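Just so we're aligned, residue 8 is where the sequence shown starts under our numbering, counting upward by one.
Virtual Cβ for every residue (Gly too), placed ideally from N, Cα, C.
All figures in this text were calculated on a predicted structure; none of them were measured in a lab.
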Amino acid sequence: MLNFTKFERINPEKRDVLQRLKDYNEVYQVFTKHRAREQSDRCMQCGDPYCHTGCPLHNFIPAWLKQTAEKNMDLAFALSNETSPFPEILGRICPQDVLCEGACSLNTGHGAVSIGAVETHLNERAFENGMKPKFAPIKGDKKVAVIGSGPAGISAATFLLRRGIAVEMFEREDRAGGLLMYGIPGFKLDKTTVDRRINWLLEAGMKLHLNCEIGKDKSISDIENEFDAVFVGIGAKQGRFAKIDGEDASNSYLAMEFLTGIQKRNLGNNDTDFIDVKDKKVVVIGGGDTAMDCVRSSVREGAKTVKCLYRRDEANMPGSKKEVVNSKEEGVEFVFNVSPNKIITINNEATGIELLKTGLSEADESGRQRVSIIEGSEYIEDADVIIFALGFSPEVPQFLKDAKVETNSWGGIVVNDSFQASNPKFYAGGDCERGAHLAVTAAYDGREAAKEITKVLS
Ligand SMILES: Cc1cc2nc3c(=O)[nH]c(=O)nc-3n(C[C@H](O)[C@H](O)[C@H](O)COP(=O)(O)OP(=O)(O)OC[C@H]3O[C@@H](n4cnc5c(N)ncnc54)[C@H](O)[C@@H]3O)c2cc1C
Ligand code: SF4
Numbered sequence: 008m009l010n011f012t013k014f015e016r017i018n019p020e021k022r023d024v025l026q027r028l029k030d031y032n033e034v035y036q037v038f039t040k041h042r043a044r045e046q047s048d049r050c051m052q053c054g055d056p057y058c059h060t061g062c063p064l065h066n067f068i069p070a071w072l073k074q075t076a077e078k079n080m081d082l083a084f085a086l087s088n089e090t091s092p093f094p095e096i097l098g099r100i101c102p103q104d105v106l107c108e109g110a111c112s113l114n115t116g117h118g119a120v121s122i123g124a125v126e127t128h129l130n131e132r133a134f135e136n137g138m139k140p141k142f143a144p145i146k147g148d149k150k151v152a153v154i155g156s157g158p159a160g161i162s163a164a165t166f167l168l169r170r171g172i173a174v175e176m177f178e179r180e181d182r183a184g185g186l187l188m189y190g191i192p193g194f195k196l197d198k199t200t201v202d203r204r205i206n207w208l209l210e211a212g213m214k215l216h217l218n219c220e221i222g223k224d225k226s227i228s229d230i231e232n233e234f235d236a237v238f239v240g241i242g243a244k245q246g247r248f249a250k251i252d253g254e255d256a257s258n259s260y261l262a263m264e265f266l267t268g269i270q271k272r273n274l275g276n277n278d279t280d281f282i283d284v285k286d287k288k289v290v291v292i293g294g295g296d297t298a299m300d301c302v303r304s305s306v307r308e309g310a311k312t313v314k315c316l317y318r319r320d321e322a323n324m325p326g327s328k329k330e331v332v333n334s335k336e337e338g339v340e341f342v343f344n345v346s347p348n349k350i351i352t353i354n355n356e357a358t359g360i361e362l363l364k365t366g367l368s369e370a371d372e373s374g375r376q377r378v379s380i381i382e383g384s385e386y387i388e389d390a391d392v393i394i395f396a397l398g399f400s401p402e403v404p405q406f407l408k409d410a411k412v413e414t415n416s417w418g419g420i421v422v423n424d425s426f427q428a429s430n431p432k433f434y435a436g437g438d439c440e441r442g443a444h445l446a447v448t449a450a451y452d453g454r455e456a457a458k459e460i461t462k463v464l465s
């Protein structure tokens, strides 16, 4: 250990750009055994590790890095799965630069340990060697309903099943995984990794009801009557337009319509609405990770040009820096400091977007610079397809009201410190409770709620 001067930080290798644009396979390669050991060996084994604090799950990072460096792969696997419901997935998709690796003591100077890449490697290697996560046999007659099969629901189900509590999961889509399945593109996360975790939950005794929307296909009163506790992890998928003229044009879309259509097609479901951008000029409005997923998907779909329009500058982009780098490598053009003013339409079809140039003020107390419009700076960007990637809000389904589960002013489910809702039989977590955020924070919520449910039901 402590070999950070001997080995420099290395990121996982990426597939060649020309190759990766031909498909939706993952861009990053899993570390080799040699590379994972070498990178783990850089860890300083800090007494009070900041990486552990930077990780929302408070994973035992230095412990599994040490076991990886010392070739104790069984122990590394056990430690990494102790706190995380799907470490090999989070190793791939967490924005590590602002979480564990951003907090690593080596980040200022020598370069953080490549924590996410080691996490993915050590789990994939364990799976190749036949290892699987362990679950307890189902005991007792208590059972929990999990509504929603995204990271929050999978995490709640995992930690309940580990304690031998029966779980039934209800999902309105035809596949489980939430945004891991129908949101995050395959070039960031191979969908077989999601199915693998779901299959282990099924092996552990979970019952999964697909195409079953609570409030429509099954009533919430049936759920309340049949189960001893309910975990709600229904996400926050309601997209936002920019509230400008012309945005209801026939070729103006929300990010999720675009991304979900591609992912369903890629998974062989041809019944879905698919937005074809081949040979078209695509403009994506927004600067976060969802915008990056849209621009990178557009390039793969054969768009003629792909532009990302963002109202601040590059330094202020909210998403993961590596996704911006990947987008640029793949041919996306960025236009910074512009704000959409109106969509130019002919017969309700967009032909372009009028933009206003923006300036940035000095940073306020929160450290954020305010955006100001530069009057008279209008100009038009041509567009055949316009995609809005401006964030998400929770939907508030009627079933929450029927169950007397309170929501706040922006639609988030209100919970106490134990993730318990106003109706004490209900618990909630993930995007429907905290607002659109990250898979790892949804996983944390599901884990913590499961602990509380276990206490109450034991
Ligand atoms: C395009 C995109 C890319 C992203 N990329 C990343 C990334 O790289 N890294 C990262 O950490 N995070 C990323 N995120 C965010 C992350 O995916 C979410 O924060 C996370 O999935 C939230 O998990 P969740 O379980 O709360 O909700 P979701 O994943 O949204 O799952 C909720 C599930 O509940 C189901 N559901 C809803 N209502 C009902 C009902 N009435 N009955 C039954 N089922 C219902 C939904 O169909 C869905 O499957 C991304 C998000 C998007 C949109
Ligand atoms: S879960 Fe995410 S933040 Fe935590 S160690 Fe893994 S990659 Fe880092």
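Proximity of residue i and residue j at Cβ, strictly below 7 Å
i: I152; j: V237; result: The amino acid at residue 152 is misidentified as Ile; the sequence shows Ala. Yes, they are a contact pair.
i: K149; j: L464; result: yes
i: G453; j: A163; result: yes
i: K288; j: G309; result: no
i: P347; j: I251; result: yes
i: C58; j: C111; result: yes
i: F14; j: A457; result: no
i: V345; j: L316; result: yes
i: C439; j: G242; result: yes
i: E95; j: E131; result: yes
i: M80; j: Q52; result: no
i: I145; j: I68; result: no
i: N258; j: A357; result: yes
i: V403; j: G418; result: yes
i: A262; j: I394; result: yes
i: E321; j: G359; result: no
i: F38; j: P19; result: yes
i: E254; j: I350; result: yes
i: G240; j: G160; result: yes
i: N218; j: D181; result: yes
i: A446; j: P158; result: yes
i: K195; j: I100; result: yes
Residue i beta carbon near ligand 2 (any heavy atom closer than 6 Å)
i: L64; result: yes
i: C107; result: yes
i: E126; result: yes
i: I122; result: yes
i: Q36; result: no
i: V237; result: no
i: V447; result: yes
i: C301; result: no
beta-carbon residue i near ligand 4 non-hydrogen atom, thresh 6 Å
i: A390; result: Annotation note on ligand 4: not contained in the displayed structure, which lists ligand 1 and ligand 2 as its ligands.
Reduced DSSP category for residue i - H, G, I as helix; E, B as strand; rest coil
i: N206; result: helix
i: C2; result: The displayed coordinates of the chain run from 8 to 465. Any statement about residue 2 would go beyond what the structure contains.
i: H117; result: coil
i: V176; result: Strictly speaking, residue 176 in this sequence is Met, with Val absent from that position. Of the three classes helix, strand and coil, the one that applies to M176 here is strand, per DSSP.
i: F234; result: coil
i: V306; result: helix
i: K214; result: strand
i: T414; result: strand
i: Y35; result: strand
i: A428; result: coil
i: F11; result: coil
i: S465; result: coil
i: I460; result: helix
i: I387; result: strand
i: S112; result: helix
i: S400; result: strand
i: L261; result: strand
i: F433; result: strand
Any non-hydrogen atom of ligand 1 closer than 6 Å to residue i Cβ
i: S156; result: yes
i: D229; result: no
i: R179; result: yes
i: I96; result: no
i: G419; result: no
i: I221; result: yes
i: I381; result: no
i: A322; result: no
i: D438; result: yes
i: L25; result: no
i: A173; result: no
i: A435; result: no
i: T199; result: no
Inset, instruction - Write down every uninterrupted run of the beta strand (DSSP E) in the region 132-192 whose length is 3 residues or greater and which is fully enclosed by it, in chain order. - result: Counting only runs of 3 or more, we get 150-154, 173-177.
Legend entry - alpha helix (DSSP H) segments (min. 4 residues) lying fully within the region 331-380: none
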